[in-house]
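Everything below concerns the one structure shown next.
There are 2 protein chains.
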Amino acid sequence: MKLRQVGEDRLLDQLLRRLPFGKTVALGAGDDCALVAAPARRNFLVLKTDCIVEGIHFLPRASALDVGWKAMMRPLSDFAATSALPQFALVTLIASKETEVGWVRKCYHGLRKAAARFKVSIVGGETSSTPGPLSISVSVVGFVEKNRWASRRGGKVGDDLFVTGRLGGAIERKHLQFVPRIVESRWLTKNFSIHAMMDLSDGLGVDLPRLARASKVGFEIEIECLPFNRGVKIGNAIADGEDYELLFAISRRQSKRLERSWRKKFPRLLLTRIGSLIPQSAVRNSQLPGGYVHFQ
Amino acid sequence: MKLRQVGEDRLLDQLLRRLPFGKTVALGAGDDCALVAAPARRNFLVLKTDCIVEGIHFLPRASALDVGWKAMMRPLSDFAATSALPQFALVTLIASKETEVGWVRKCYHGLRKAAARFKVSIVGGETSSTPGPLSISVSVVGFVEKNRWASRRGGKVGDDLFVTGRLGGAIERKHLQFVPRIVESRWLTKNFSIHAMMDLSDGLGVDLPRLARASKVGFEIEIECLPFNRGVKIGNAIADGEDYELLFAISRRQSKRLERSWRKKFPRLLLTRIGSLIPQSAVRNSQLPGGYVHFQ
Numbered sequence: 001m002k003l004r005q006v007g008e009d010r011l012l013d014q015l016l017r018r019l020p021f022g023k024t025v026a027l028g029a030g031d032d033c034a035l036v037a038a039p040a041r042r043n044f045l046v047l048k049t050d051c052i053v054e055g056i057h058f059l060p061r062a063s064a065l066d067v068g069w070k071a072m073m074r075p076l077s078d079f080a081a082t083s084a085l086p087q088f089a090l091v092t093l094i095a096s097k098e099t100e101v102g103w104v105r106k107c108y109h110g111l112r113k114a115a116a117r118f119k120v121s122i123v124g125g126e127t128s129s130t131p132g133p134l135s136i137s138v139s140v141v142g143f144v145e146k147n148r149w150a151s152r153r154g155g156k157v158g159d160d161l162f163v164t165g166r167l168g169g170a171i172e173r174k175h176l177q178f179v180p181r182i183v184e185s186r187w188l189t190k191n192f193s194i195h196a197m198m199d200l201s202d203g204l205g206v207d208l209p210r211l212a213r214a215s216k217v218g219f220e221i222e223i224e225c226l227p228f229n230r231g232v233k234i235g236n237a238i239a240d241g242e243d244y245e246l247l248f249a250i251s252r253r254q255s256k257r258l259e260r261s262w263r264k265k266f267p268r269l270l271l272t273r274i275g276s277l278i279p280q281s282a283v284r285n286s287q288l289p290g291g292y293v294h295f296q
Numbered sequence: 297m298k299l300r301q302v303g304e305d306r307l308l309d310q311l312l313r314r315l316p317f318g319k320t321v322a323l324g325a326g327d328d329c330a331l332v333a334a335p336a337r338r339n340f341l342v343l344k345t346d347c348i349v350e351g352i353h354f355l356p357r358a359s360a361l362d363v364g365w366k367a368m369m370r371p372l373s374d375f376a377a378t379s380a381l382p383q384f385a386l387v388t389l390i391a392s393k394e395t396e397v398g399w400v401r402k403c404y405h406g407l408r409k410a411a412a413r414f415k416v417s418i419v420g421g422e423t424s425s426t427p428g429p430l431s432i433s434v435s436v437v438g439f440v441e442k443n444r445w446a447s448r449r450g451g452k453v454g455d456d457l458f459v460t461g462r463l464g465g466a467i468e469r470k471h472l473q474f475v476p477r478i479v480e481s482r483w484l485t486k487n488f489s490i491h492a493m494m495d496l497s498d499g500l501g502v503d504l505p506r507l508a509r510a511s512k513v514g515f516e517i518e519i520e521c522l523p524f525n526r527g528v529k530i531g532n533a534i535a536d537g538e539d540y541e542l543l544f545a546i547s548r549r550q551s552k553r554l555e556r557s558w559r560k561k562f563p564r565l566l567l568t569r570i571g572s573l574i575p576q577s578a579v580r581n582s583q584l585p586g587g588y589v590h591f592q
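Going down the list, the protein sequences come from chains A and B. If you're matching positions, the first sequence starts at 1 in this note's numbering and goes up one per residue. If you're matching positions, the second sequence starts at 297 in this note's numbering and goes up one per residue.
Here it is, written out as structure tokens:
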């Protein structure tokens, strides 16, 4: 059955009936707005939106389950970057009338599965038709303690730079099935002073300069240290997007303790020191080949 | 200049540089997430997302300023329905590489102008390219006092039904330039007990049955009372979408006082009693011709 054969109300009814509600949700999907419990005032409210578009972020033949998973996990990866806890999500689906209802159902299954992994409640959303490719926008709301958030700013000259996991080649498979590093990020800010942090979505070659620019510093990379995935080359570790690993800056004094504790806490996830932050004036070879930039 | 001639980073930089920040914004657009002050716990957090798609919600020849205005005001109209105060917005723009940068700038001007009207801070967003039509998603976060929110549920048998303004014909012009009834809605819940409320976006003929269904009651309309715009017929007042007026149910005991106070407070905006809520079992002629339903 195609979308044009079911009404918007009936489709939303079907999809939203299965949404799990936390007890923090007073009024969920189906009304004009969602009403949820506000976090304590000692926290910041954390907001993020992201979207994926057919043909740009996934191929038409991609599994609907994977597409839903990715649509939810992308903004959650930004929560990892901020060391914040996600709580509520809104989902907007823009699809053609010819889309199979079964595909949409599977996609929502992926969205729900991803949300459940981090105890996120999907509390609302919209659907619209389009004559163009399918797109999904997900907005996520959550919180972070005022003394614990991370951002791209705050990196200091002399800081060591670390990345989690292995880089490059995500387009093969990982970009549809990754798990945002929220657990790792929360552990980091609980136990260490993280000066600056972000998630790698457009490739180290694009993202690291962003972190450096926001922190008003330069950087130096030890190319031979870059951890890359099997089957890809060092250039991919720099230029490929969609790694969704953490990149962060931490005082050199904390580096050794961090490496020791990390190995104990996350024995199956690599943590690699890839370089350091240097004064902007000292920048020599900190140009990296570019990652993916939209519209270009 | 076209979008493909400027990078995503440069475009975002340009657009986001002009965003006004309230003092409740700790970290705004440009980082992975936005950080803002949480509302007091005596309030609910209110969440809403909405989207508009070229060719569906606006024509390619529509003014970019109007398109931006409409994209922001649509979710704000849902805040009016909930009697909530909007505070923060996230904007996602999905556009072709061939879109004129000047068009996008004007569209953001419309978004900012609409946000400013209700003191909303645009704190983040995304851009993506698409081979298809342009679309804009706006997610809004705000709050409402726990003793003051309205929803579609809660209408009671015997309640009077009211609508603000005049219905029908919005597609001519108003759908791009309307002002959500937030001020009126806040005044209503401050001074009266509003049992159920919603904003009319898909047409009275579709929206009223939704309110009745959510409240588990039926309704009876006095067709001859329906307030419609000059130049349209009574059928348009029922079937046309995009009125963005308020529809609400209030105890008959409060009706007279409401009508008197309204005329004093909002002398230039019509308020009309259009019918009442009746038991579901008594439903006879409560079928209204349909409004606009997506995918059909």
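The beta carbon of each residue, even a glycine, is placed where N, CA and C say it ideally should be. Keep in mind it's a predicted model, so treat the numbers as computed, not measured.
For Gln-280(A), the secondary structure class from DSSP, reduced to helix, strand or coil, is helix.
For the segment 525 to 539 of chain B, no residue has a beta-carbon sitting nearer than 8 angstroms to a beta-carbon of chain A.
Listed along chain A, the residues sitting closer than 8 angstroms to Lys-344(B) by beta-carbon distance are Asp-32, Cys-33, Ala-34, Leu-90, Gly-124. Taking all protein chains in view, the Cβ of Asn-339(B) is crowded by 16 or more other Cβ atoms within 10 Å, so the residue is classified as buried. A Cβ of chain A is located within less than 7 angstroms of the beta carbon of Arg-337(B). Sequence-distant Cβ neighbours of Leu-76(A) in its own chain, meaning closer than 7 angstroms and more than five residues away, are Pro-86, Phe-118, Val-140, Pro-180, Ile-182. If you draw a straight line from the Cα of Gly-438(B) to the Cα of Lys-256(A), it is about 43 angstroms long. Scanning chain B for C-beta atoms nearer than 7 angstroms to the C-beta of Trp-103(A) yields nothing, as the closest lies near 14 angstroms away. DSSP lists Ser-433(B) as the beta-bridge partner residues of Cys-347(B). The contact set of Cys-51(A) on chain B, defined by CB atoms closer than 8 angstroms, consists of Thr-388, Ile-390, Glu-422, Ser-424, Ser-433 in chain order.
Going by DSSP, Gln-383(B) is part of the beta strand (DSSP E) stretching over 381 to 391. According to the DSSP assignment, Val-475(B) belongs to no alpha helix (DSSP H), since it is labelled neither H nor E. Between Met-494(B) and chain A, the shortest Cβ-Cβ separation is below 7 angstroms. If you look at Val-419(B), you'll find it isn't in any alpha helix (DSSP H); it sits in the beta strand (DSSP E) that goes 417 to 425. The beta-carbon of Trp-262(A) is placed no less than 7 angstroms from the nearest beta-carbon of chain B. For Asp-495(B) against Leu-554(B), the beta-carbon gap comes to about 18 angstroms, at or over 8 angstroms, which does not count as contact.
By a beta-carbon distance limit of 8 angstroms, Ile-221(A) does not contact Phe-228(A). Their separation comes to about 13 angstroms. Relative to the Cα of Ser-379(B), the nearest Cα in the group Val-387(B), Tyr-404(B), Leu-343(B) belongs to Leu-343(B). Around Lys-561(B), the same chain offers Trp-483 as residues with beta carbons nearer than 8 angstroms, after the five sequence neighbours per side are excluded. Note that the segment 464 to 471 of chain B does not touch the segment 50 to 58 of chain A; fewer than 3 beta-carbon pairs, one per stretch, sit closer than 8 angstroms. Distance from the CA of Ser-392(B) to the CA of Val-502(B), rounded to the nearest whole angstrom, comes to 33 angstroms. Residue Val-217(A) holds the alpha-carbon nearest to the alpha-carbon of Ile-278(A) among Leu-3(A), Val-217(A), Thr-92(A), Arg-10(A). Ranked by Cα distance from Ile-390(B), the options Thr-460(B), Ala-545(B), Asp-374(B), Thr-426(B) are led by Thr-426(B). No Cβ-Cβ contact shorter than 7 angstroms links Cys-107(A) with Ser-424(B).
Residue pairing by DSSP puts Leu-271(A) in a beta bridge opposite Thr-164(A). For Gly-55(A), the neighbours in chain B by C-beta distance under 7 angstroms run, in chain order, Pro-427.
Linking Thr-485(B) to Ala-446(B) through their CA atoms gives a straight-line distance of about 8 angstroms.
Between the alpha carbons of Leu-65(A) and Leu-111(A) lies a distance of about 8 angstroms.
Spatial neighbours of Asn-487(B) in its own chain (CB-CB distance under 7 angstroms, excluding positions within 5 residues in sequence) are listed in chain order as Ser-557.
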